[in-house]
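Since the structure comes first, as structure tokens, the remarks are kept for the end.
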RNA sequence: GCACUUGUAGCUCAGCUGGAUAGAGCGCUGCCCUCCGAAGGCAGAGGUCGAAGGUUCGAAUCCUUCCGAGUGCGCCA
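Numbering (my numbering), first residue to last: 2 to 589.
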């Protein structure tokens, strides 16, 4: 969208140098600090193409651009600095932005393509722990970002709904004679199942008969025994109900909930194919694919397909699931939003998919992310305070719901203090948006491969580069809109530099959205929004000292023009927050 | 040992495909509300970009080596 501003200048330079305008656009960058200009073009490469000294070319171009009146151009040595009058920028951009504020964050780059995004993927009968926020919100954000860029997106929650734990749960359930009503009546059904699991394990510790009972139920479940299957479904339903409470808080949903269990009977064909193609071998009783022996020397160890006892492993399940998803969704890209600790696993089975000549083998992407570390200032005897994986002081896992609720509580308190007029349901809704938004934004604002360092006091502070900062800027814009009639004005009346800064921040969003897709990186959007909000805040605050700088100023025509920009910025901020999975309240 | 990730201001991090004096938030100093929302803005102090080589007109960014941190490396997922 920036090209709406730069196109005439780039065309001139392209004409002058014989280089494609698209290549020149990529060279265009921001000027050095202290250089008063909007954009800068380093002339080294174009000069090489024309066999001219860079400063000479810069000077020639500056003269030509100034003569044509396309911008104010200054050659600074080998750099060409461009400054556009605010009105020119506004005239180029504002009509498109005013027509559809979300357009700044829309692209057709991915239209006609399908993306299957696998994220969140919790285990049944276990809590959604705080660390699940990473896969859940990175995945959710990527789903929205891809969709904004024109992709058709399928959101997949690959539930961990299989394994030996169910045998123990069923065994304990039967032994204690529990009922569905008791489970349904529990304050938290997952906690109920967790505690059942713990009791069942402990009881079995000194009792081989109970151990055997759990094993029998595990086998019965695998064999499709009706009662085992029924109880399994009950546990799964109960867990899903709890998960959905948290997903609702986060505003996350899925198109497919097919879990591991769904693939139990779909692995045999993949295994048979691997064997048929002579790719498998037996190593210490286990069935493996020796990737190194098939030319993939980077793999030092073979990939395990089946345990010595015949049980399947998750590489096999992932291959089967990929086949299934490719049939169902015909994906052009499949994302697996899973922590970086599993990159070896993904590299292995992606390689196996290639050995199998799967047409989709090159479309698989592991979207890895760093771990969530929580500051622990009371680590216990003889240990230093420091960053640790998400556990409370007592050593229990931090539950995602509890962290979100604490965020909401803190937000509610701040609203009560700063904006006592907000009460009741509205305050509650805003507390939710702000409290949850703070936690979520904290997780998305930096590159996903970084570890996230979480301190309650830091993440839930509402000033600085935070979700609430963005929401606040949005609320301020809404507030101004509310105070005025909905008229649109003449962009040419936008003459202030701080207005131009806002416009240029808006114009850059589309390119940043596309970069976010290619890098699978929500933080690119997050950083872009921080830049936009900073520009907006600076602009709006200028009106505090200088009444003529106010949006609603004495000149109604100017006010109308500024209001058009307010609406565009508000729309873009709201849309951007949505792409990150935050909501944008109109007041806070 | 091998692999992946990572090392930029006191702390937490940006820095687009290499481009001109490395930016922001927090913290610290000092300002700005009879207010279009101070959950904001303005200004200041604070950095041999882990180290050393190399490629280049130009390197925080690319390559090599080394050092530090985290994680993973067979029957869990």
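By construction, the Cβ of each residue, glycine as well, lies at the ideal position given by its N, Cα and C atoms.
query	result
Host alpha helix (DSSP H) of residue 132 (start-end)	No alpha helix (DSSP H) holds residue 132; DSSP gives it neither H nor E.
Residue 181 classed as buried or exposed, judged by whether at least 16 other C-beta atoms fall within 10 angstroms	exposed
Rounded C-alpha distance that separates residue 203 from residue 127	17 Å
Residues bridged to residue 67 (per DSSP)	BP columns for residue 67 are empty, so no partner.
Per-residue DSSP class, three states only, for residue 121	coil
Spatial neighbours of residue 198 in its chain, beta-carbon cut-off 8 Å, leaving aside the 5 residues before and after	126, 166, 169, 170 and 173
Paired residues, beta bridge with residue 233 - DSSP	Partner(s): none; residue 233 has no beta bridge.
Run of the beta strand (DSSP E) containing residue 358, from where it starts to where it stops	From DSSP, residue 358 is part of no beta strand (DSSP E); its letter is neither H nor E.
Backbone secondary structure at residue 48 - three-state DSSP	helix
Presumed contact (8 Å Cβ cut-off) between residue 85 and residue 59, rounded CB distance	No, residue 85 and residue 59 are not in contact; Cβ-Cβ is about 18 Å, not under 8 Å.
Beta carbon of residue 408 nearer than 7 Å to that of residue 471	no
Rounded C-alpha distance that separates residue 475 from residue 250	21 Å
Under 7 Å between C-beta atoms of residue 114 and residue 333	yes
Beta-carbon separation (whole angstroms), residue 108 vs residue 514, contact threshold 8 Å	6 Å
For residue 368 and residue 591, the rounded distance between their alpha carbons	With the chain represented from 2 up to 589, any question about residue 591 goes unanswered, as that position is not in the structure.
For residue 377: DSSP bridge partner residues	387
Start and end residues, beta strand (DSSP E) containing residue 368	365-368
Closest residue to residue 466 among 546, 62 and 445 (Cα-Cα distance)	445
Close Cβ partners of residue 503 (< 7 Å) along its chain, the five nearest in sequence each way excluded	536, 537, 540, 566 and 570
Coil, strand or helix - residue 92 by DSSP	helix
Three-pair Cβ contact test at 8 Å for the region 90-97 versus the region 486-505	yes
Cα-Cα separation, residue 488 to residue 440	37 Å
Residue 435 versus residue 111: straight-line alpha-carbon distance, rounded	31 Å
Residues of its chain near residue 134, where Cβ-Cβ distance is below 6 Å and the 5 sequence neighbours each way are ignored	401 and 444
Residues near residue 131 by beta carbon distance below 6 Å, same chain, minus five either side	391, 399, 401 and 404
Per-residue burial, residue 192 [other beta carbons within 10 Å of its own, 16 or more giving buried]	exposed
Touching by the beta-carbon criterion (3+ pairs, under 8 Å), the region 295-309 and the region 270-283	yes
Classification of residue 208 by the beta-carbon crowding that lies within 10 angstroms, buried from 16 upward	exposed
Proximity to residue 7 [Cα-Cα], best of 505, 178, 519 and 151	505
C-alpha gap between residue 507 and residue 302, whole angstroms	49 Å
Sufficient close CB pairs (3 or more, under 8 Å) joining the region 146-159 to the region 251-261	yes
Outcome for residue 453 when other beta-carbon atoms lying within 10 angstroms are tallied against a minimum of 16	buried
Residue 581 versus residue 442 - alpha carbon distance	7 Å
The region 336-356 / the region 417-434 touching (three or more Cβ pairs under 8 Å)	no
DSSP three-state assignment for residue 474, whether helix, strand or coil	helix
Start-to-end residues for the beta strand (DSSP E) that takes in residue 338	334-338
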